[in-house]
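Asker: Here the sequence shown is numbered in my numbering, starting from 1433 and rising by one per residue.
Before we start, here is the structure in question, set down as structure tokens.
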Amino acid sequence: MQDFLLNTWYMVAWPHEISTNLLSRKLLGKAVLLTRDGDGKPVVMRDRCPHRFARLSMGERKAESIVCKYHGLEFNFLGQCVNNPYSDRIPSGATVARHPAVEKDGIVWAWFGDPEQADENLIPDFSAADAPPGGSYITGYTPLKANYEYGTDNLLDLSHIEFLHTGTFAGNGVIFGGEHSVKQDGDRLMSNWWMPNARCPAGLDQILQLETVDHWLDMRWNAPANMHLQIGATPPGQPREQGATFEQVHCLTPADVDETHYFWSTNSQYPQPEEYAETFRELVRAAFEIEDKPMIEAAYENIGDDFWSEKPVSLGIDAGGARARRIIEVMKRKEAEVVS
Ligand code: FES
Ligand SMILES: [Fe+2]
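In structure tokens:
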């Protein structure tokens, strides 16, 4: 079966990562060029000149085009060759694949499949996780040496915070006092934890000024690996609206079969006290980079064969990641049927 779903939206960058410069990023096994056109709109195209396959990202950027650094063919941002320095004639086949791209909710999305099917309405809603006016907002990027579905396993099974995040968000039995559910709604999954009378999680304790709260972790998954996490806490017994939340992006995009771009962010409608902001930023970064990343990478290295043939033990709490794999398998099979 094909390695990746194609007819779907992938997060390819944070908006601040791309400018009029030429950024090359490996996505779905191929070098891809990320830049902005003259109107500032994101441009996502194959980072490969059709002549002798030089990287266009090594070329010269002009206002609305790129000149290949190798032999000088010039391409506009639709991927059309607009100048051949050796002739008035544009050679046939001198085009570069341009992929539909959209900037929405503080995320740059791209579609690598059939451009005709690239419907922006299919982009999952991350509006709650965008930078809130006057609030706090942290974005991060962590490369993982692992297949993206192993990152999904980590994020859809947050029981691991009890053991793995003891140096940052420290479990202290919070998870074991809670209830977990996995629900499927079409191609979407919800993997949620509800933990009444729990210790207030780091960060929200600064906002709520409470030690004990009703606490929830609501994780929504959309294929292939675009996840939104709401971390919430409210005074015990009170409605959720009386509490406070962090809204987080956790998007995993394959660089290749064995490598993944992990984009993450966290926001709060409440500005964080300046003296605490840096501590919190470091805490979040450490959780993903010092605790999650080495564990996911080492576990992935430990797999000799494909996931299912290794016969993974099931604990129930891990159902989200398993279901996500099944949904992706079905989607890939459907995609392959249409193509063949
Ligand atoms: S490789 Fe680009 S012009 Fe030759
Ligand atoms: Fe984690």
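We treat Cβ as the ideally placed atom computed from N, Cα and C, and that holds for glycine.
Can you give me the C-alpha to C-alpha distance between Val1689 and Phe1485, rounded to a whole angstrom?
Answerer: In a straight line, the C-alpha of Val1689 is about 22 Å away from that of Phe1485.
Asker: Distance check for Leu1510 and Leu1649, CA to CA, integer angstroms please.
Answerer: Between Leu1649 and Leu1510, the C-alpha separation is close to 42 Å.
Asker: Ligand 1 and Phe1485: does the residue's C-beta get closer than 7 Å to at least one heavy atom of that ligand?
Answerer: For ligand 1, at least one heavy atom lies less than 7 Å from the Cβ of Phe1485.
Asker: Have a look at Pro1474 and Glu1643 and give me their C-alpha separation to the nearest angstrom.
Answerer: Taking the straight line from one Cα to the other gives about 44 Å.
Asker: Report the rounded CA-to-CA distance for Val1534 versus Ala1560, giving the unit in angstroms.
Answerer: When rounded, the distance between both Cα atoms is 17 Å.
Asker: Grab the span of the alpha helix (DSSP H) containing Lys1725 for me, first residue to last.
Answerer: 1725–1733 is the extent of the alpha helix (DSSP H) around Lys1725.
Asker: Considering Cα atoms alone, identify which of Ala1756, Gly1752, Phe1436, Arg1765 is closest to Ser1623.
Answerer: Selected option, being the one with the closest Cα: Gly1752.
Asker: For Asp1609, which of helix, strand or coil comes out of DSSP?
Answerer: It should be pointed out that residue 1609 corresponds to Gly in this sequence rather than to Asp. Here Gly1609 sits in helix by DSSP.
Asker: Please check the pair Thr1584 and Leu1454, which I expect to be a contact at CB under 8 Å, by giving their CB distance rounded to whole angstroms.
Answerer: The Cβ separation is near 31 Å, so there is no contact.
Asker: To the nearest whole angstrom, what separates the beta carbons of Asn1629 and Pro1668, a pair I think is in contact under 8 Å?
Answerer: That belief holds up - the Cβ atoms of Asn1629 and Pro1668 are roughly 6 Å apart, short of 8 Å.
Asker: Is any heavy atom of ligand 4 found at a distance shorter than 7 Å from the C-beta of Leu1454?
Answerer: Ligands in the displayed structure: ligand 1 and ligand 2; ligand 4 is not one of them.
Asker: Please list the terminal residues of the continuous beta strand (DSSP E) segment that includes Ala1634.
Answerer: Premise fails: Ala1634 is in no beta strand (DSSP E) and is neither H nor E.
Asker: How many whole angstroms separate the CB atoms of Leu1466 and Val1444, which I take to be in contact at a CB cut-off of 8 Å?
Answerer: Contact flag correct, Cβ pair sits at about 6 Å.
Asker: Is the closest heavy atom of ligand 1 to the C-beta of Gly1572 under 7 Å?
Answerer: Not under cutoff, so the answer is no.
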